[in-house]
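Residue numbers (my numbering): 311 to 576.
We put the CB at the ideal spot given by N, CA and C, even for glycine.
Below you'll find the structure, written out as structure tokens, and then a few comments.
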């Protein structure tokens, strides 16, 4: 009789799986919508992932958790961008149903390791195991070791590179076990480089190439953000090896569609 545990995962992370196969992942940022309808809209629109932006919005955790659960049901990977490096809040959003976190402004390998510790359970991390079953697992009452294994295998840690310090530490950050994506934030990076909004500036391009090289060296995925208005640059970086694309947020999508509709009646 075979007593080995079933290796087939109960918990799937479609975005993580696509990245592992070298396929691009397209994400929508949520800042405005507060109900689960946005998960269905993103899914129907063809997105692979969403990330709920709790850094640049007043998003309540309860609403974020509900949207995460809806995304998980639909097979859409939900991530949450946390406001900062607070490990207790990172663990809390994971307990609410997120499949991973996006950490803004990471500048060192130590900061990346701290994020991994907050998201993962021992031995890789230090996250406390919730007494109740996990929402990501539809509250299945699994043995503790299996719950830990499923959650840690599927969860993601995304570190945002948005500063010169982060760029200088890109290789060290990419080498951290448990980090999945180094996400280049072109908007903030262009501001720090003294060329705000010039996402096609040579220095910004050089930064993308540096992060792509670091990720290639350490087997990590590259995320690109702030280029939603430049699909030509998105295509260029996808061809160079990027994988996770943040296409824009619900506020900009709604505003653009509303403006276009109004102009039809001029």
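Quick one: what's residue i bridged to in DSSP?
i	result
residue 474	Partner(s): none; residue 474 has no beta bridge.
residue 339	361, 559
residue 449	DSSP output for residue 449 lists no bridge partner at all.
residue 469	413, 492
residue 531	491
If you follow the beta strand (DSSP E) that residue i is in, where does it begin and where does it stop?
i	result
residue 439	Premise fails: residue 439 is in no beta strand (DSSP E) and is neither H nor E.
residue 387	387-391
residue 403	From DSSP, residue 403 is part of no beta strand (DSSP E) but of the alpha helix (DSSP H) over 397-405.
Residue range of the alpha helix (DSSP H) that residue i falls in?
i	result
residue 457	454-464
residue 480	480-484
residue 425	419-429
residue 546	541-550
residue 356	Unbroken run through residue 356: none, as it is neither H nor E.
residue 376	371-384
residue 537	From DSSP, residue 537 is part of no alpha helix (DSSP H); its letter is neither H nor E.
residue 329	324-330
Checking 8 Å against the spacing of the C-beta atoms, do residue i and residue j come in under that value?
i	j	result
residue 426	residue 504	no
residue 378	residue 393	no
residue 502	residue 474	yes
residue 406	residue 381	no
residue 397	residue 421	no
residue 510	residue 341	no
residue 485	residue 528	yes
residue 328	residue 466	no
residue 438	residue 408	no
residue 481	residue 524	yes
residue 390	residue 373	no
residue 376	residue 412	no
residue 483	residue 416	yes
residue 357	residue 386	yes
residue 537	residue 447	no
residue 457	residue 443	yes
residue 468	residue 410	yes
residue 507	residue 526	no
Measuring only from the beta carbon, is residue i closer than 7 Å to any heavy atom that is part of the ligand FAD?
i	result
residue 552	No copy of the ligand FAD appears in this structure; indeed no ligand is present at all.
Meets three-Cβ-pair contact criterion under 8 Å: the stretch 492-499 and the stretch 451-465: no
Stretch-stretch touch, CB-based, cutoff 8 Å, three pairs: the stretch 355-367 with the stretch 419-433: no
The stretch 362-380 contacting the stretch 320-334, beta-carbon criterion three pairs below 8 Å: no
Segments of 3+ residues assigned as beta strand (DSSP E) that fall wholly inside the stretch 492-522: none
Segment contact, 8 Å Cβ cut-off, at least three pairs: the stretch 544-560 with the stretch 335-349: yes
Stretch pair the stretch 448-455 + the stretch 509-526: three plus CB contacts closer than 8 Å: no
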